[in-house]
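Working notes, beginning with the structure itself.
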Amino acid sequence: MAEKLLTVSHLNKNYGKKEVLHDINFSVDKGSVTVILGPSGSGKSTMIRCLNGLEDFHSGQIDFKGQVIQPGFKKWQPIRQNIGMVFQSYDLFPNRTVIDNILLGPLKVQKRSHEEALAQARQLLKEVQLTEYENVYPRQLSGGQKQRIAIVRALELNPEFILFDEVTASLDPEMVRGVLDVMLQLAQRKMTMIVVTHEMNFAKQIADNVIFLEDGKIIEKSVGRQFFDQPKTERAKEFLNSMD
Ligand code: ADP
Ligand code: MG
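Be aware that the sequence shown starts at 3, since it is given in the numbering used here, and climbs by one per residue.
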């Protein structure tokens, strides 16, 4: 049996009186890719943000490798060090070079040696084909390059898993492929990933598990390509048709 990295049980979240996540249950195996799909406003980002403590939740729990996280949990800091996150907006520090952006976390937070952290950063930059961009500023990069740097920055922390929230949504079409290819490589290397995306072909390629959300509820959970080839619910069928 695969090792469970994360188990979410009966999670509920409200914004004011509005319930945005309702009785969310799922688990993530180490080395697997979980793709979260659903229309805009269905709660995908909120769910992702609950998983690394950017949002609190109202009931239920998250079990992260035996550490139980319940509403009001305050000790996110050490856990968050094991969770990578890449957002739609690149959120690199504009006044720092690429290499400084990548090294900030490992040096300041993880207290690693400069030499060791730099060696890893250079290896990662090579893997995303951005070796020669070490000393440039984010504004000198294309959107696709910025997202590849944001992925490197997440990887440099050697996280247990990485959350990706629509990381190609603001990219020009010609930039999307390069970013998706980096994510496919990570999946092949068995990085545990939770991925929100609207790129259906990519989702079909990369998903070990699919969670389909609507109105804050999990409508469908599937394994592998099943969601795309044989959706179980009418809502999933309609969603897939709308994405063509
Ligand atoms: P998705 O990522 O699937 O588009 P979100 O998680 O961003 O959905 O949003 C889910 C619901 O929660 C939406 O109805 C949205 O308007 C609402 N929402 C998101 N963030 C906030 C917030 N900070 N305050 C109030 N409502 C919010
Ligand atoms: Mg979102």
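Every residue gets a Cβ at the ideal spot worked out from N, C-alpha and C, and that includes glycine.
Nearest residue (CA-CA) to residue i, options the options
{"i": "A2", "options": "V100, L109, K128", "result": "Any question about residue 2 goes unanswered here, given that the chain covers just 3 to 246."}
{"i": "L56", "options": "Y92, R191, W78", "result": "W78"}
{"i": "I50", "options": "E136, I153, L215", "result": "L215"}
{"i": "P96", "options": "V22, L143, K113, P233", "result": "L143"}
{"i": "T99", "options": "S115, Q90, A123", "result": "A123"}
{"i": "S61", "options": "G43, R227, N27", "result": "N27"}
{"i": "M3", "options": "K20, V225, D31", "result": "D31"}
{"i": "V212", "options": "L39, D25, H24", "result": "L39"}
{"i": "K228", "options": "E236, D210, E240", "result": "For clarity, residue 228 is Gln in the given sequence; the question names Lys instead. The shortest Cα separation from Q228 among E236, D210, E240 belongs to D210."}
{"i": "V198", "options": "A189, H12, F166", "result": "F166"}
{"i": "L126", "options": "L105, R141, R114", "result": "L105"}
{"i": "Q187", "options": "I208, A171, D174, P175", "result": "I208"}
{"i": "M202", "options": "P73, K239, G74, T235", "result": "K239"}
{"i": "Y139", "options": "D25, A171, L94, F241", "result": "L94"}
{"i": "I164", "options": "N243, Q83, T170, K234", "result": "Q83"}
{"i": "N298", "options": "G18, G107, K67", "result": "It is not possible to answer for residue 298, since the shown part of the chain is limited to 3 through 246."}
{"i": "L53", "options": "A121, I85, G43, K76", "result": "I85"}
{"i": "A171", "options": "K19, S42, V225", "result": "S42"}
{"i": "M245", "options": "K234, K76, H200, Q232", "result": "H200"}
{"i": "R237", "options": "G18, S44, K19", "result": "S44"}
Near the ligand MG: residue i beta-carbon under 6 Å from a heavy atom
{"i": "S47", "result": "yes"}
Range of the contiguous alpha helix (DSSP H) that encloses residue i
{"i": "V184", "result": "175 to 190"}
{"i": "H116", "result": "116 to 129"}
{"i": "N103", "result": "100 to 106"}
{"i": "E170", "result": "For the record, residue 170 in the displayed sequence is Thr; it is not Glu. It is not in any alpha helix (DSSP H) - T170 carries neither H nor E in the DSSP assignment."}
{"i": "V203", "result": "In the sequence as presented, Val is not what sits at residue 203; that position holds Asn. 202 to 208 is the span of the alpha helix (DSSP H), which, as asked, contains N203."}
{"i": "V2", "result": "Missing from the structure shown is residue 2; the chain here goes from 3 to 246 and no further."}
{"i": "T48", "result": "46 to 53"}
{"i": "D231", "result": "228 to 231"}
{"i": "R82", "result": "78 to 82"}
Proximity below 7 Å, CB of residue i to CB of residue j
{"i": "N103", "j": "R155", "result": "yes"}
{"i": "I196", "j": "T36", "result": "yes"}
{"i": "S29", "j": "K6", "result": "yes"}
{"i": "I153", "j": "V111", "result": "no"}
{"i": "T9", "j": "D58", "result": "no"}
{"i": "K192", "j": "F230", "result": "no"}
{"i": "E158", "j": "I101", "result": "no"}
{"i": "E1", "j": "Q90", "result": "The chain is shown only over 3 to 246; residue 1 falls outside these bounds and no answer can be derived."}
{"i": "E21", "j": "G145", "result": "no"}
{"i": "F204", "j": "L173", "result": "no"}
{"i": "Q63", "j": "S11", "result": "yes"}
{"i": "H24", "j": "N16", "result": "no"}
Anticipated Cβ contact below 8 Å, residue i with residue j, distance rounded
{"i": "K46", "j": "Y92", "result": "The Cβ separation is near 19 Å, so there is no contact."}
Closer than 6 Å: residue i CB and nearest the ligand ADP heavy atom
{"i": "V22", "result": "yes"}
{"i": "S91", "result": "no"}
{"i": "G43", "result": "yes"}
{"i": "Y17", "result": "yes"}
Range of the contiguous beta strand (DSSP E) that encloses residue i
{"i": "Q69", "result": "69 to 71"}
{"i": "K15", "result": "6 to 17"}
{"i": "L242", "result": "First-last for L242: 236 to 245, but that is the alpha helix (DSSP H), not the beta strand (DSSP E)."}
{"i": "D65", "result": "61 to 66"}
{"i": "E134", "result": "Unbroken run through E134: none, as it is neither H nor E."}
Residue i Cβ short of 6 Å to the ligand ATP heavy atom set
{"i": "G62", "result": "With respect to the ligand ATP, the structure shown offers nothing to examine, as its ligands consist of the ligand ADP and the ligand MG."}
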